[in-house]
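In my numbering, the protein residues as written are 53 to 376.
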Ligand code: ADP
Ligand code: MG
């Protein structure tokens, strides 16, 4: 059956952990990812793609800081928009080339996409998301004087020299600002890349105008908002493990296969899925089912098609039960 699927791609879909992040490396990884996406499109599924931007934004922030004597650094919301363009462009070009090769006349478009958050979000009180370069104690002290608005935290143990990093809030995504445009494009049969890096975080200022905010939204949670907006049948999170696991990293570690909503909620409450990695993926999937979604999948790129056919991956479904 043809389905509409929102796919959230993890960091390794664009840059592997051991790579520097050259354009060639990134193009190679994006091409590997796009081959799987093409297979799904050949089945007739409709796809909306979202992606992380952690390594790209990290590298760009380092460049900005290194070049600050020559050209002014840009604020974090603009860095977010820049990396949406960077990653979106690679998908737009590589996926389009592959589709033409397959004689599939589907247009591919990536958009700069804003996501609304609230400045009342509790994470603004105690920001949790590290961004950009690591600093020594001295560098951190200097930076604090130059940029009094920055919050800098010690994020590595005391024996590590460069252990300080800027942290920003990671607020909950409330609304996808360009949702109507995305919905119309999807309805018109366009393959859309949206909400990259969790979306550019924006707030309403006192005059009810949109304004960028120095924050980073979790890309899986923002992906879920995107999935509900387009009324997706399936929300699929592709990462570097083929299942969410219980007792992760312990001798009795076990894959979660097909699982009902309430059972997965219980496993999440028991703390099996780590904050900042698997935790938000599971939470995003649970929210998708709460909203009325029929299936949320967590798996790796190479198991994506098997997971769609209920043969692999973690599949979270409404409580009525698993189809296999
Ligand atoms: P991505 O960059 O793809 O968004 P993350 O690195 O944030 O992915 O999250 C995936 C990682 O989550 C896995 O590589 C694994 O180390 C970690 N993880 C934490 N808890 C679990 C769990 N219960 N089951 C599987 N993986 C887990
Ligand atoms: Mg990762």
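Every residue gets a Cβ at the ideal spot worked out from N, C-alpha and C, and that includes glycine.
In the DSSP annotation of this structure, residue 213 is not part of any alpha helix (DSSP H), being labelled neither H nor E. Around the beta carbon of residue 199, fewer than 16 other beta carbons sit within 10 angstroms, so the residue counts as exposed. The Cβ atoms of residue 117 and residue 185 lie closer than 8 Å to each other. Residue environment: residue 299 is assigned as exposed (fewer than 16 neighbouring CB atoms within 10 Å of its CB, all protein chains considered).
When C-alpha distances from residue 181 are compared across 100, 202 and 196, the shortest belongs to 202. Within the segment 235–318, complete alpha helix (DSSP H) segments of at least 4 residues are found at 271–281, given in chain order. Distance from the Cα of residue 98 is smallest, within the candidate group 247, 373 and 243, for 243. If you check the C-beta of residue 352 against ligand 1, you find no heavy atom less than 7 Å away. Shown here, residue 64 sits in a helix according to DSSP, grouped into three states. Counting only runs of 4+ residues, the alpha helix (DSSP H) found wholly inside the segment 323–374 occupies 330–343 and 356–360, in chain order. With a beta-carbon spacing of about 17 Å, residue 307 and residue 318 fall beyond the 8 Å limit used to define contacts. Residue 276 sits buried, since 16 or more C-beta atoms from the chains shown fall within 10 Å of its C-beta. Burial of residue 67 is indicated by the presence of at least 16 other C-beta atoms within 10 angstroms of its C-beta. Runs of the beta strand (DSSP E) spanning 3 or more residues and lying entirely within the segment 167–203 occur at 181–187, in chain order. Three or more Cβ pairs drawn from the segment 155–166 and the segment 223–243 lie within less than 8 Å of each other, which places the two stretches in contact.
Per the coordinates, the alpha-carbon of residue 120 lies some 15 Å from the alpha-carbon of residue 191. For residue 131, the uninterrupted alpha helix (DSSP H) segment begins and ends at 128–153. Looking only at 313, 265, 294 and 338, the smallest Cα-Cα distance to residue 129 is reached by 265. Shown here for residue 293: same chain residues with a beta carbon closer than 7 Å to its own, the five before and five after excluded, namely 352 in chain order. Residue side-chain check: residue 293 places its Cβ nearer than 7 Å to a non-hydrogen atom of ligand 1. Remark: the C-beta of residue 273 is outside contact range of ligand 1, defined as less than 7 Å to any heavy atom. Within the DSSP bridge table, the entry for residue 82 names no partner. Within its own chain, the residues whose Cβ lies closer than 6 Å to the Cβ of residue 64, once the five positions on either side in sequence are excluded, are 292, listed in chain order. Counting every other CB atom within 10 Å of its CB across the protein chains shown gives residue 303 a total below 16, marking it as exposed.
The alpha-carbon separation between residue 315 and residue 295 amounts to approximately 16 Å. Not one heavy atom of ligand 1 falls within 7 Å of the beta-carbon of residue 321.
With 16 or more other Cβ atoms from the protein chains shown falling within 10 Å of its own Cβ, residue 106 counts as buried. Taken atom to atom, the span from the alpha-carbon of residue 259 to that of residue 169 is near 16 Å. With respect to residue 269, residue 222 sits close: the two C-beta atoms are nearer than 8 Å.
DSSP places residue 72 in the coil class of the three-state scheme, outside both helix and strand.
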